[in-house]
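Colleague: One structure follows; several queries about it will come next.
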């Protein structure tokens, strides 16, 4: 049984663990599926060998498709937008009028294409903007598009099955950046560069994108993705609590030293979380939480470990260029000489021990929480801190979900003074913390299928959504799930945005300064950056990792055992895909030059 087959089985079972919103009723469609028709176990020389026989069959199943609405009387539209908020509609209309429109081809009228997108509903993260802007796209082009929502745990399986069976349902995929290796290796998507000078197409500013995210839109010097989302994790905290002199005094009396309010290290974060956990610091009469996280299998919890563990593993190079990638510096996933996984290094193990300690400084329920549940614990005022994506900074401004508007603190991901040196095999003892920036997450953005029926029309939508005016509107209105990452999102000296622009989107000005400031700090002020994995097999590796991390967090395995199992699984996947082929792609993707 190959690991690719194992992944399909795992991801199907994981899908049951995810609760997501749907935009419309499911539609029966005939699709091709691979099913197990025979399964036996053979014993060869005391080695158990599983033999699975599969075949492709046509089945009718329910697929969530949200077609163009036809006279939906129950939905309110203002200025042509599906919203009940007049200010939101007015600002969106201003963005629409200011954005470049190119010269839409009259032949597009009446045509359509299909977008596959993460499943979060009509006002949900990433999928929401596809619904919100659809009426204006129809107004511009006379064309339309259908939206197919796909739960996170099913995305890789559904998209790749669609390509491999030749169904080609999706013309555009609002994809996770770590799918690129598989896309390129299988020639599933097409480069976009040929459209950049096409007068029909809206113009978007590629140079405005933070370099770390801009790299994720490219492969081999060509653009395959268009601008949209810019993921990174930062630390959020209750500024009003952490900076309260009375709580600082109580901390010093209990702990014997001043509260490390800067929270420069994970050790500082843990100490503060442990102090506040179980205390009624919000005055509601019940004990409250020190920290909240989403650690559920299939709920993107493994991204927490990525951001937390980077400073324990990744250290700068010596010499004039601290960002230079060597065999031992600025690496995280694999040895760039051998492709041996580093995932069970002492640094990774120490970081997982820290994650376990943090998970005990909050509700035990977080071990089964997905994103929304962990965010809700923080936004409802029951947790002092969390670390996650930009959505938290945005959602904190929504009075229907948050009671902490105006009380938000944020900073870049903390570091550690005791990172592991891969070259010496010893932990370091630093005077200043080792700080590592991150772009953890999917940085969701659209790619164009090589098999798109109307590729020009589909790219028009991609480019139009990437224009500065529309993209920045999506960033400023937090319900979209689109996180900041461009010069027009940043404040001076890194960009041109103003606090007033965010206030217009409903932000408290102090919260905007905290949130955007933390993001800017991550992208521009950290000395080194965590590498991003995009090689073929990435999704299988993340799935195995996610499962074993959960086994550690829930006490089924020790951190060392969990990461040893991850190491073994990764070795199997690497060999299954071809070690030499993956090594070459990995070296290319992280900028490693063998000597």
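Residue numbers (the numbering used here): 4 to 598. Just so it is clear, CB atoms sit at the ideal spot from N, CA and C, and this is done for glycine as well.
#1: Would you mind reading off the limits of the beta strand (DSSP E) that contains residue 152?
#2: Kindly give me the distance between the Cβ atoms of residue 150 and residue 161, rounded to whole angstroms, as I take these residues to be in contact under 8 Å.
#3: Let me check understanding here. Comparing Cα to Cα, which of 122, 387, 573 and 588 lies closest to residue 277?
#4: Going by the CB atoms, is the gap between residue 522 and residue 395 shorter than 8 Å?
#5: Unbroken alpha helix (DSSP H) runs of length 4 or more, entirely within the region 134 to 216: which are they?
#6: Considering residue 391, what are the terminal residues of the beta strand (DSSP E) in which it resides?
#7: So, are the CB atoms of residue 229 and residue 469 less than 8 Å apart?
#8: How should residue 90 be labelled, buried or exposed, when 16 other C-beta atoms within 10 angstroms of its C-beta is the threshold for buried?
#9: For my contact list, residue 439 and residue 526 are in at a C-beta cut-off of 8 Å; report their separation, rounded to the angstrom.
#10: Within the same chain, show all residues whose beta-carbon is closer than 7 Å to that of residue 234, passing over the 5 residues directly before and after it, in chain order.
#11: How is residue 345 classed by DSSP in three states: helix, strand or coil?
#12: Between the C-alpha atoms of residue 490 and residue 213, what's the straight-line distance to the nearest angstrom?
#13: Applying the 10 Å Cβ sphere with the 16-neighbour rule, what's the burial state of residue 85?
#14: Check the C-beta distance from residue 339 over to residue 121 and give it rounded, since I have them as a contact under 8 Å.
#15: Within 10 angstroms of its Cβ, does residue 172 collect 16 or more other Cβ (buried), or is it exposed?
#16: Run through DSSP, which three-state label would residue 24 get?
#17: Would you mind sorting residue 265 into buried or exposed? The rule is 16 or more other CB atoms within 10 Å of its CB.
#18: Out of 473, 472, 148 and 354, which has the shortest C-alpha to C-alpha gap to residue 417?
#19: Looking only at C-alpha atoms, which of 544, 558, 140 and 98 sits nearest to residue 344?
#20: For residue 588, which option in 260, 128, 133 and 188 has the closest C-alpha, if you only look at C-alpha atoms?
#21: Could you tell me if residue 539 is buried or exposed, where buried requires 16 or more neighbouring beta carbons within 10 angstroms of its beta carbon?
#22: Distance, Cα to Cα, residue 576 vs residue 350?
#23: Counting C-beta neighbours from all protein chains within 10 Å, is the total for residue 112 16 or more, i.e. buried, or is it exposed?
#24: Cutting at 6 Å between CB atoms, please list the residues of its own chain near residue 107, excluding the five before and the five after it.
#25: Compare the C-alpha of residue 252 against each of 232, 231, 272 and 279 and name the closest.
#26: Find the nearest neighbour of residue 612 within the set 283, 528 and 200, judged by alpha-carbon distance.
#27: Could you check if residue 304 is buried or exposed, using at least 16 other CB atoms within 10 Å of its CB as the buried criterion?
#28: Under a three-way DSSP split, which group does residue 318 fall into?
#29: Could you check what DSSP says for residue 429 in three-state terms: helix, strand or coil?
#30: Quick check: the Cα distance between residue 409 and residue 517, rounded to an integer number of angstroms?
#31: Rank 524, 549 and 498 by C-alpha distance to the C-alpha of residue 371 and give the top, closest one.
#32: Indicate the three-state DSSP secondary structure (helix, strand or coil) for residue 582 in the structure shown.
#33: For the 8 Å Cβ check, are there 3 or more pairs between the region 216 to 228 and the region 190 to 200?
#34: Looking at C-alpha atoms only, which residue of 511, 307, 499 and 475 is the closest neighbour of residue 236?
#35: Please check the pair residue 476 and residue 156, which I expect to be a contact at CB under 8 Å, by giving their CB distance rounded to whole angstroms.
#36: Have a look at 219, 556, 261 and 259 and flag the residue whose alpha-carbon is nearest the alpha-carbon of residue 535.
Modeller: So, from the data block:
#1: 147 to 153
#2: With a Cβ gap of about 14 Å, residue 150 and residue 161 do not count as contacting.
#3: 387
#4: no
#5: Counting whole runs of 4 or more residues, the region 134 to 216 contains the alpha helix (DSSP H) stretches 137 to 144, 158 to 168 and 183 to 189.
#6: 386 to 391 is the span of the beta strand (DSSP E), which, as asked, contains residue 391.
#7: yes
#8: exposed
#9: Cβ atoms of residue 439 and residue 526 stay farther apart than 8 Å, at about 12 Å.
#10: Only 392, 442, 443, 444, 445, 446 and 486 meet the Cβ criterion.
#11: coil
#12: 8 Å
#13: buried
#14: Not really, about 31 Å apart at Cβ, beyond 8 Å.
#15: buried
#16: The pLDDT assigned to residue 24 is 32, lower than 50, so where the model puts this residue is not dependable, and the model offers no usable value.
#17: Looking at its Cβ environment, which holds fewer than 16 other Cβ atoms inside 10 Å, residue 265 is exposed.
#18: 354
#19: 544
#20: With distances taken between Cα atoms, residue 588 lies closest to 188.
#21: buried
#22: 23 Å
#23: exposed
#24: 143 and 144
#25: Closest option to residue 252, Cα to Cα, is 279.
#26: Absent from the structure is residue 612, since the part of the chain shown begins at 4 and ends at 598.
#27: Label assigned to residue 304: buried.
#28: coil
#29: strand
#30: Taken atom to atom, the span from the alpha-carbon of residue 409 to that of residue 517 is near 10 Å.
#31: 549
#32: helix
#33: Flag = yes, the region 216 to 228 and the region 190 to 200 touch.
#34: Closest by C-alpha distance to residue 236, out of 511, 307, 499 and 475, is 307.
#35: Between residue 476 and residue 156, the beta carbon gap of about 30 Å keeps them out of contact (Cβ cut-off 8 Å).
#36: 219
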